[in-house]
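Peer 1:
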Amino acid sequence: MAKLTSNSKSMSVDTKQQPGRRDFIVVATYAMGAVGAAAAAWPLIDQMNPAADTLALASTEVDVSKISEGQAITVTWRGKPVFIRHRTPDEIARANAIDGSELPDPQEDEARVQRPELLVVVGVCTHLGCVPLGQKTGDVKGEYDGWFCPCHGSHYDTSGRIRKGPAPTNLEVPPYSFLSDNVIRIG
Amino acid sequence: MSAAKFSNPVVRWIDHRLPVFTMLDHTANEYPTPKNLNYMWNFGSLAGLSLVIMIVTGIVLAMSYTAHVDYAFESVERIMRDVNHGWLIRYIHMNTASFFFIVVYLHIFRGLYYGSYKAPRELLWILGVVIFLLMMATAFMGYVLPWGQMSFWGATVITNLFSAIPLVGESIVTFLWGGFSVDNPTLNRFFSLHYLMPFLIAGVVILHIVALHRFGSNNPIGIDTKGKQDTISFHPYYTIKDIVGVAMFLLLLSVAVFFFPNAMGHPDNYIPANPMQTPAHIVPEWYFLPFYAILRAVPDKLGGVLLMFGAIAILFILPWLDRSPVRSARFRPVFRIFFWLLFIDAIALGYLGGKPAEGIYVTLSRIATAWYFLHFLVILPMLSVFESTKPLPKSISEPVLATTVAAE
Ligand code: HEM
Ligand code: FES
Numbered sequence: 041m042a043k044l045t046s047n048s049k050s051m052s053v054d055t056k057q058q059p060g061r062r063d064f065i066v067v068a069t070y071a072m073g074a075v076g077a078a079a080a081a082w083p084l085i086d087q088m089n090p091a092a093d094t095l096a097l098a099s100t101e102v103d104v105s106k107i108s109e110g111q112a113i114t115v116t117w118r119g120k121p122v123f124i125r126h127r128t129p130d131e132i133a134r135a136n137a138i139d140g141s142e143l144p145d146p147q148e149d150e151a152r153v154q155r156p157e158l159l160v161v162v163g164v165c166t167h168l169g170c171v172p173l174g175q176k177t178g179d180v181k182g183e184y185d186g187w188f189c190p191c192h193g194s195h196y197d198t199s200g201r202i203r204k205g206p207a208p209t210n211l212e213v214p215p216y217s218f219l220s221d222n223v224i225r226i227g
Numbered sequence: 002m003s004a005a006k007f008s009n010p011v012v013r014w015i016d017h018r019l020p021v022f023t024m025l026d027h028t029a030n031e032y033p034t035p036k037n038l039n040y041m042w043n044f045g046s047l048a049g050l051s052l053v054i055m056i057v058t059g060i061v062l063a064m065s066y067t068a069h070v071d072y073a074f075e076s077v078e079r080i081m082r083d084v085n086h087g088w089l090i091r092y093i094h095m096n097t098a099s100f101f102f103i104v105v106y107l108h109i110f111r112g113l114y115y116g117s118y119k120a121p122r123e124l125l126w127i128l129g130v131v132i133f134l135l136m137m138a139t140a141f142m143g144y145v146l147p148w149g150q151m152s153f154w155g156a157t158v159i160t161n162l163f164s165a166i167p168l169v170g171e172s173i174v175t176f177l178w179g180g181f182s183v184d185n186p187t188l189n190r191f192f193s194l195h196y197l198m199p200f201l202i203a204g205v206v207i208l209h210i211v212a213l214h215r216f217g218s219n220n221p222i223g224i225d226t227k228g229k230q231d232t233i234s235f236h237p238y239y240t241i242k243d244i245v246g247v248a249m250f251l252l253l254l255s256v257a258v259f260f261f262p263n264a265m266g267h268p269d270n271y272i273p274a275n276p277m278q279t280p281a282h283i284v285p286e287w288y289f290l291p292f293y294a295i296l297r298a299v300p301d302k303l304g305g306v307l308l309m310f311g312a313i314a315i316l317f318i319l320p321w322l323d324r325s326p327v328r329s330a331r332f333r334p335v336f337r338i339f340f341w342l343l344f345i346d347a348i349a350l351g352y353l354g355g356k357p358a359e360g361i362y363v364t365l366s367r368i369a370t371a372w373y374f375l376h377f378l379v380i381l382p383m384l385s386v387f388e389s390t391k392p393l394p395k396s397i398s399e400p401v402l403a404t405t406v407a408a409e
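Listed in order, the protein sequences are those of chains A and B. Take 41 as the starting number for the first sequence in my numbering and just add one per residue. Take 2 as the starting number for the second sequence in my numbering and just add one per residue.
1. Across the region 270 to 290 of chain B and the region 154 to 174 of chain B, are there enough close Cβ pairs to call them in contact, namely three or more that are closer than 8 Å?
2. Output, in chain order, the set of chain B residues within a Cβ distance shorter than 7 Å of residue 88 of chain A.
3. Would you call residue 344 of chain B buried or exposed, if buried means 16 or more other Cβ atoms sit within 10 Å of its Cβ?
4. Run the CB neighbour count on residue 55 of chain A, radius 10 Å, all protein chains shown included, and call it buried at 16 or more, exposed below.
5. Apart from the five residues just before and just after residue 180 of chain B, which ones in its own chain have a Cβ nearer than 6 Å to its Cβ?
6. Could you please give the first and the last residue of the uninterrupted beta strand (DSSP E) stretch that includes residue 172 of chain B?
7. Are there any heavy atoms of the ligand FES lying less than 7 Å away from the beta-carbon of residue 182 of chain B, as far as the coordinates show?
8. Please list, in chain order, all residues of the same chain as residue 16 of chain B whose beta carbon is under 8 Å from its beta carbon, the five residues on each side excluded.
9. Excluding sequence positions up to five away, which residues of its chain have a Cβ less than 7 Å from the Cβ of residue 138 of chain B?
10. Contact criterion: CB-CB distance below 8 Å. Does residue 2 of chain B meet it with respect to chain A?
11. Which residues, in order along the region 170 to 186 of chain A, keep a beta-carbon less than 7 Å from a beta-carbon of chain B?
12. Output yes if chain B places a C-beta closer than 8 Å to the C-beta of residue 94 of chain A; else output no.
13. Taking DSSP as the reference, what is the three-state secondary structure of residue 120 of chain A?
14. If you count every other CB in all the chains shown that lies within 10 Å of the CB of residue 72 of chain A, and 16 or more means buried, which is it?
15. So what's residue 17 of chain B in DSSP terms, helix, strand or just coil?
16. Could you give the DSSP three-state label for residue 25 of chain B: helix, strand or coil?
17. By a C-beta neighbour count over all protein chains shown, 10 Å radius and 16 as the cutoff for buried, is residue 249 of chain B buried or exposed?
18. Taking just the CA atoms, how far does residue 106 of chain B sit from residue 290 of chain B?
19. Beta-carbon of residue 225 of chain A versus every beta-carbon of chain B: anything under 8 Å?
20. If you measure from the beta carbon of residue 270 of chain B to each beta carbon in chain A, is any gap under 8 Å?
21. Can you find a CB in chain A that lies within less than 8 Å of the CB of residue 337 of chain B?
22. Measuring from the CB of residue 112 of chain B, is there a heavy atom of the ligand FES at a distance below 7 Å?
23. Thinking C-alpha only, which one of A:177, A:202, A:150, A:165 is nearest residue 279 of chain B?
24. Report the residue from A:210, A:80, A:198 whose alpha carbon sits nearest the alpha carbon of residue 175 of chain A.
25. Confirm the yes/no value for this check: CB of residue 98 of chain B, any heavy atom of the ligand HEM, distance under 7 Å.
26. Could you tell me whether any Cβ in chain A is nearer than 8 Å to the Cβ of residue 240 of chain B?
27. Start and end of the beta strand (DSSP E) containing residue 102 of chain A?
28. Who are the neighbours of residue 182 of chain B on chain A, taking C-beta pairs under 9 Å?
29. Nearest to residue 200 of chain A by alpha carbon, out of A:129, A:187, A:206?
30. Out of B:358, B:325, B:313, B:335, which has the shortest C-alpha to C-alpha gap to residue 298 of chain B?
31. For the region 134 to 169 of chain A, which segments carrying the alpha helix (DSSP H) assignment without a break, of at least 4 residues, lie completely within its bounds, in sequence order?
32. Which residue's Cα is closest to the Cα of residue 100 of chain A: A:171, A:191, A:121?
33. Quick one: give me the first and last residue of the beta strand (DSSP E) that residue 203 of chain A is part of.
34. Quick one: Cα of residue 35 of chain B to Cα of residue 217 of chain B, how far?
35. Any C-beta of chain B sitting closer than 8 Å to the C-beta of residue 146 of chain A?
36. Beta-carbon separation of residue 162 of chain A and residue 212 of chain A under 8 Å?
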């Protein structure tokens, strides 16, 4: 018994002086435990990300020929509103009247449209996600005649670009393509 | 810790094996409490009562509530119209949530006035701020459950706050939503967490009380108790005083529940959620308004979010911002003025948060926001150095005895 005690004592003195195999085992065990815990936690955390059916959400097809000049419609894509506006020549001219590089989120109007008269943007304010006003006749359209977000006062122009207010970026242009002359597919 | 002092043999038998009665006895009869506590010390027990009411009514509501975007609104209406006493239970849950915040705000301002956050009660204070944060998260998620217009747009705006974080912001928001907008997965997880968090709060409350019992309550004159002459036992003196507070609380709560059940709510939340249309004027629940005002005061998205969270985070380091050795504002004439200015500032922020973000309201919000941070970051540290405080009494008994002598 006495021998064992003295033995273990000298051993602990040894380990203090220079890291030995025992320290390696201890560190490796902790590391293994940490990796295991992280691996076990991952499914519990990742389950909160969009599920397969949510990701597989269908794209939206829209017949845009029915929108007359100066009119706008709202369609749903991925649970969000998408604004489609058939712009008047005046609205297009106003969007191009300003040098896009001087804006808060610099972008030219032509980079935001496939056909100048048809503007397609996600109708979600880039500040904190409200739906801006300006789709219906009689809506407040803001100081730049595009859209106005009433939540915290963001003004968008006729190209959906942010001009004034707390929103950091322009209204997002969703991916879309023309299936025919009249029909676009969003997504 | 002798179990023998209980006369009931069953109590004695249990206590010998599980000393719960000894613990209760210790809290009620042995735990020394300063004898000069005023009614500002009632709000702790009232906060505890509020939590119990929330948990009891919440568990009962959950028996009739359906967490699905197609049924949530209807199930709440069914609770209001068809479920036996459902209207009562829901109105109690709704209004006690508001009362809970009133009580906790008063509890916090009590601490600010009497310097209860100072050594050795820093951790007690920090645990309190943690409870406050958990309460805000719980109330926010609860408000989403009825799935009205305010539920939906409140959830949208608040979760979008995280999109301000550079690089990973968007992924975090998608993660919180479980999709590309606030939708059914969001509602489901909010219900799950809304059920969980009150029990986490209860856990932190226990730690809060353990920390409290380490050094006991602070008191209106803010000096340490010096011995038996300064203290009285909790029971019956403070149990009876707490019951007076409870009676007042329940009286006022009943007035709200039975006569003005929707006064602190928003009519738009009786309109079912519509993801395609934001209400013209969205406001959070009243208890979030001061923080909402700070968010909107800043013209920059990330800046606004940072200041809003900063307004709460600053409370964590308060014990180290205010270095004055004197706790109670009674002996700090200059601090006292600034305390009331902060109080008015907080009310002003609350008022401004409920107004539209335009014109004079924006300017005023900016001034009030600046003042809030100035108070904590500049004024308090400066006062700690420059203020000349009034002389402190030698003990709690001294001023009490002095007034008695003077009165005779
Ligand atoms: C810290 C404690 C709690 C707070 C601050 C809180 C807050 C809230 C709030 C503000 C609402 C919205 C009320 C409305 O406008 O309709 C709500 C709803 C709800 N809460 Fe809680 N709650 C708490 C605890 C609980 C617990 C423990 C449960 C148990 C599951 C629960 C279950 C529910 C349910 C089912 C609803 C939806 C029904 C309704 O809207 O009335 N709550 N809660
Ligand atoms: S959400 Fe549009 S301005 Fe804030």
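Even for Gly, the Cβ is constructed at its ideal location relative to N, Cα and C.
Peer 2: The relevant details are as follows:
1. yes
2. Reading the first sequence from its first residue, position 48 is the one you call residue 88 of chain A. Going along chain B in sequence order, the residues near residue 88 of chain A (Cβ under 7 Å) are 176, 179, 190.
3. Indexing the second sequence from 1 puts residue 344 of chain B at position 343. It counts as exposed.
4. Here residue 55 of chain A is taken as the residue at index 15 of the first sequence, counted from 1. With a pLDDT of only 49 at residue 55 of chain A, under the threshold of 50, the placement of this residue in the model should not be trusted; the figure read from the coordinates follows. Residue 55 of chain A is exposed by the Cβ-count criterion.
5. To locate residue 180 of chain B, count along the second sequence from 1; it is residue 179. Closer than 6 Å at Cβ, skipping near neighbours: 186.
6. Your numbering for residue 172 of chain B matches position 171 in the second sequence. Where residue 172 of chain B is concerned, there is no enclosing beta strand (DSSP E), although the alpha helix (DSSP H) it sits in stretches over 170 to 178.
7. Looking up residue 182 of chain B in the second sequence gives position 181. Not so, every heavy atom of the ligand FES lies at least 7 Å from the Cβ.
8. Residue 16 of chain B sits at position 15 when you count from the first residue of the second sequence. 4, 7, 22, 23, listed in sequence order.
9. Looking up residue 138 of chain B in the second sequence gives position 137. Only 198 meet the Cβ criterion.
10. In the second sequence, the residue the question calls residue 2 of chain B occupies position 1. Because the pLDDT of residue 2 of chain B is 45, which lies under 50, any placement of that residue in the model is unreliable, and the number read from its coordinates should be weighed accordingly. Closer than 8 Å: no.
11. 170, 171
12. Residue numbering aside, residue 94 of chain A sits at position 54 when the first sequence is read from its first letter. Interface residue, yes.
13. Here residue 120 of chain A refers to the residue found at position 80 when the first sequence is read from its first residue. Strand at residue 120 of chain A.
14. Indexing the first sequence from 1 puts residue 72 of chain A at position 32. Residue 72 of chain A comes out exposed.
15. On the second sequence, residue 17 of chain B is found 16 positions in, with the first residue counted as 1. Correct three-state label for residue 17 of chain B: helix.
16. For this step, residue 25 of chain B is matched to residue 24 along the second sequence. If DSSP states are grouped into helix, strand and coil, residue 25 of chain B belongs with the helices.
17. The count along the second sequence starts at 1 and reaches residue 249 of chain B at position 248. The residue is exposed, with fewer than 16 neighbouring Cβ atoms inside 10 Å.
18. Taking the second sequence and counting its residues from 1, one reaches residue 290 of chain B at position 289. Taking the second sequence and counting its residues from 1, one reaches residue 106 of chain B at position 105. Rounded to the nearest angstrom, the two C-alpha atoms are 13 Å apart.
19. Here residue 225 of chain A refers to the residue found at position 185 of the first sequence. It does not: the Cβ of residue 225 of chain A has no partner Cβ on chain B nearer than 8 Å.
20. Numbered from 1 along the second sequence, position 269 holds the residue referred to as residue 270 of chain B. With 8 Å as the cut-off, residue 270 of chain B does not count as an interface residue toward chain A.
21. Counting from 1 along the second sequence, the entry for residue 337 of chain B is found at position 336. False, the Cβ-Cβ gap to chain A never drops below 8 Å.
22. Counting from one through the second sequence, the residue named residue 112 of chain B turns up at place 111. Not under cutoff, so the answer is no.
23. Here residue 279 of chain B is taken as the residue at index 278 of the second sequence, counted from 1. Closest option to residue 279 of chain B, Cα to Cα, is A:165.
24. Locating residue 175 of chain A in the first sequence gives position 135, counting from the first residue. When only C-alpha atoms are compared, the closest one is A:198.
25. The residue you call residue 98 of chain B lines up with position 97 of the second sequence. Because some heavy atom of the ligand HEM lies under 7 Å away, the Cβ of residue 98 of chain B counts as near it: yes.
26. Counting from 1 along the second sequence, the entry for residue 240 of chain B is found at position 239. No, residue 240 of chain B lies away from the interface with chain A (no Cβ there is under 8 Å from its Cβ).
27. The residue labelled residue 102 of chain A in the question sits at position 62 within the first sequence. Its beta strand (DSSP E) spans residues 100 to 103.
28. Walking along the second sequence from the start, residue 182 of chain B turns up at place 181. Those are 118, 119, 120, 164, 169, listed as they occur along chain A.
29. Against the first sequence, residue 200 of chain A aligns to sequence position 160. For residue 200 of chain A, the nearest C-alpha among the options comes from A:187.
30. Your numbering for residue 298 of chain B matches position 297 in the second sequence. The candidate whose alpha carbon is nearest that of residue 298 of chain B is B:358.
31. none
32. One-based indexing of the first sequence puts residue 100 of chain A at position 60. Ranking the options by Cα distance to residue 100 of chain A, first place goes to A:121.
33. On the first sequence, residue 203 of chain A is found 163 positions in, with the first residue counted as 1. It spans 202 to 204 - the beta strand (DSSP E) in which residue 203 of chain A sits, taken as one unbroken run.
34. Translated into the one-based positions of the second sequence, residue 35 of chain B becomes position 34. Translated into the one-based positions of the second sequence, residue 217 of chain B becomes position 216. Distance between the alpha carbons of residue 35 of chain B and residue 217 of chain B is about 8 Å.
35. Here the question's residue 146 of chain A lines up with position 106 in the first sequence. Not an interface residue.
36. For the purposes of this step, residue 162 of chain A is taken as residue 122 along the first sequence, with counting starting at 1. For the purposes of this step, residue 212 of chain A is taken as residue 172 along the first sequence, with counting starting at 1. Yes, the pair counts as a contact, with Cβ atoms nearer than the cut-off.
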